[in-house]
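Here the structure is laid out as structure tokens; the discussion comes afterwards.
There are 2 protein chains.
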Amino acid sequence: MAEQWNINTVKQYLIEKDIKPSVQRLAVMTYLLEHRTHPTVEEIFNDLKDKIPTISKTTIYNTLKLLALKKAILSITIDEKMVRYDGYVDRHAHFICLSCGKVVDVPLKEMIEFPKTENVEGFALEETHVYHRGYCMDCLKEN
Amino acid sequence: MAEQWNINTVKQYLIEKDIKPSVQRLAVMTYLLEHRTHPTVEEIFNDLKDKIPTISKTTIYNTLKLLALKKAILSITIDEKMVRYDGYVDRHAHFICLSCGKVVDVPLKEMIEFPKTENVEGFALEETHVYHRGYCMDCLKEN
DNA sequence: TTTCAAAATTGTAATCATTACAAATTTGAT
DNA sequence: ATCAAATTTGTAATGATTACAATTTTGAAA
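These protein sequences, in sequence, are chains A and B.
Note that the first sequence ends on residue 143 in this note's numbering; no numbers are left out.
Note that the second sequence ends on residue 143 in this note's numbering; no numbers are left out.
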């Protein structure tokens with residue numbers, strides 16, 4: 001892993017993004033930086049409630065909505081059932097395995113070119129997502 | 001509109017895609033070819049029940065799932081709440097207005113290059129989607 | 001430090017898209 | 001005309017997300 005996060009660097013990151021760094025927000029943001037699995041609300045909640053027993057699922061929802069609004073994280077709609085979240089906001093694509101549901105990052109260099117949002121006329125663009133669907137190696141081997 | 005569809009050409013299209021053309025499947029497929037609004041299940045159901053009063057929402061769900069599986073249509077997960085559907089399966093991107101929820105097609109020529117799915121190593125890729133989020137002209141004018 | 005209003009968090013109840021499932025209907029080959 | 005398989009349908013269940021009101025925390029001013 002290229003970067004190393006501690007409580008102060010994460011706190012600083014949130015402040016830069018105009019987010020007041022509460023204990024819960026720090027925990028969610030840190031979780032997403034340390035778990036590059038594109039977790040769901042359920043997964044984040046289940047893991048965080050061990051460290052912060054009083055945390056509620058509504059707070060996870062509120063926090064993720066705020067972090068995404070402030071562009072500190074990405075919300076990923078690649079899965080038809082649940083929204084997934086990504087703590088890394090640099091440009092990259094995503095892949096979901098239609099068999100096991102796993103979501104992984106796809107480096108940009110494996111694509112010809114990331115679409116230039118600036119080139120779409122007549123709209124004020126906020127974000128662009130590239131999603132791939134298919135079957136991962138692990139699932140392909142099993143069948 | 002470049003293409004003109006009638007019941008026979010749609011029937012032929014379904015057969016080509018290995019889908020038995022029932023009345024309901026023809027109605028859903030025709031609806032998607034004639035309404036390029038990326039409708040939801042609710043919208044399709046509400047419009048079709050006038051022509052086919054006995055049609056059920058479950059059939060709409062079943063049919064859309066089958067059509068998407070056979071790659072006769074696209075299922076679009078650009079909207080966090082509901083899946084939307086597109087009767088056109090040629091390569092193009094989508095844009096959703098974060099204000100009014102409208103989903104429109106974005107021609108490929110407005111992007112540098114559509115990502116080449118063949119270039120992603122280690123996965124068997126089925127589909128690739130490019131989604132843009134932002135604000136449409138109509139909503140920008142109002143604010 | 002005390003006070004107090006604004007912000008944040010929490011728990012519960014409601015919403016609503018989607019799915020499960022079993023019954024009813026239709027289809028198509030014999 | 002028969003009958004099994006495929007399709008359609010209606011209802012009930014599921015489960016992610018949101019609404020909302022109550023509680024707690026924060027942080028500035030006295």
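Beta carbons: idealized from backbone N, C-alpha and C, even for Gly.
It should be emphasised that the depicted structure is a prediction, and the values quoted were computed from it without experimental measurement.
So for residue i, helix, strand or coil by DSSP?
i, result
"I96 (chain B)", "strand"
"A68 (chain A)", "helix"
"E43 (chain A)", "helix"
"D50 (chain A)", "helix"
"T30 (chain A)", "helix"
"Q12 (chain B)", "helix"
"Q4 (chain B)", "coil"
"K57 (chain B)", "helix"
"E80 (chain B)", "coil"
"N62 (chain B)", "helix"
"R25 (chain A)", "helix"
Short of 7 Å in beta carbon distance, which residues of its chain neighbour residue i, apart from the five on each side in sequence? Order them along the chain.
i, result
"Y135 (chain A)", "C97, L98 and S99"
In its own chain, which residues sit with a C-beta less than 8 Å from the C-beta of residue i, not counting the 5 before and 5 after it?
i, result
"A124 (chain A)", "none"
"K49 (chain B)", "I55"
"I15 (chain B)", "P21"
Would residue i count as contacting chain A if we go by Cβ distances under 7 Å?
i, result
"M25 (chain B)", "Looking at the sequence itself, residue 25 (chain B) is Arg, so the reference to Met does not match. No, R25 (chain B) does not count as interfacial toward chain A."
"R91 (chain B)", "no"
"E16 (chain B)", "no"
"E118 (chain B)", "Low confidence applies here, because E118 (chain B) scores a pLDDT of 49, under 50, leaving its location unreliable; read the following figure in that light. No, E118 (chain B) lies away from the interface with chain A (no Cβ there is under 7 Å from its Cβ)."
"P107 (chain B)", "no"
"Y131 (chain B)", "yes"
"L66 (chain B)", "no"
"F95 (chain B)", "yes"
"L48 (chain B)", "no"
"K128 (chain B)", "The question names Lys, but residue 128 (chain B) in the sequence shown is Thr. Judged by the 7 Å Cβ criterion, T128 (chain B) is in contact with chain A."
"V103 (chain B)", "no"
"V28 (chain B)", "no"
"I10 (chain B)", "Reading off the sequence shown, one finds Val at residue 10 (chain B), where the question assumed Ile. No, V10 (chain B) does not count as interfacial toward chain A."
Is the distance from the Cβ of residue i to the Cβ of residue j below 7 Å?
i, j, result
"H94 (chain B)", "Y61 (chain B)", "no"
"K70 (chain A)", "I7 (chain A)", "no"
"I52 (chain A)", "A27 (chain A)", "yes"
"H38 (chain A)", "V103 (chain A)", "yes"
"L32 (chain A)", "G87 (chain A)", "yes"
"R133 (chain B)", "E126 (chain A)", "yes"
"Q181 (chain B)", "T63 (chain B)", "This structure cannot speak to residue 181 (chain B), because chain B is shown only from 1 to 143."
"T77 (chain A)", "T77 (chain B)", "yes"
"T40 (chain A)", "M82 (chain A)", "yes"
Are the C-beta atoms of residue i and some chain B residue less than 7 Å apart?
i, result
"L74 (chain A)", "no"
"A124 (chain A)", "yes"
"M137 (chain A)", "yes"
"G134 (chain A)", "yes"
"E43 (chain A)", "no"
"T77 (chain A)", "yes"
"L140 (chain A)", "yes"
"E80 (chain A)", "yes"
"P115 (chain A)", "Only weak support exists for where P115 (chain A) lies, its pLDDT of 49 falling under 50; the coordinates are left without a value."
For residue i, collect the residues of the same chain with a Cβ closer than 6 Å to its Cβ; drop the 5 residues on either side in sequence, then sort them by chain order.
i, result
"F45 (chain A)", "K57 and I60"
"E110 (chain A)", "A caution first: E110 (chain A) carries a pLDDT of 43, below 50, which makes its placement in the model unreliable, though a value can still be read off. So no residue of the chain qualifies."
Spell out the partners DSSP gives residue i in its beta bridges.
i, result
"C136 (chain B)", "A:F123"
"D86 (chain B)", "B:L74"
"T128 (chain A)", "B:H132"
"D105 (chain A)", "A:H94"
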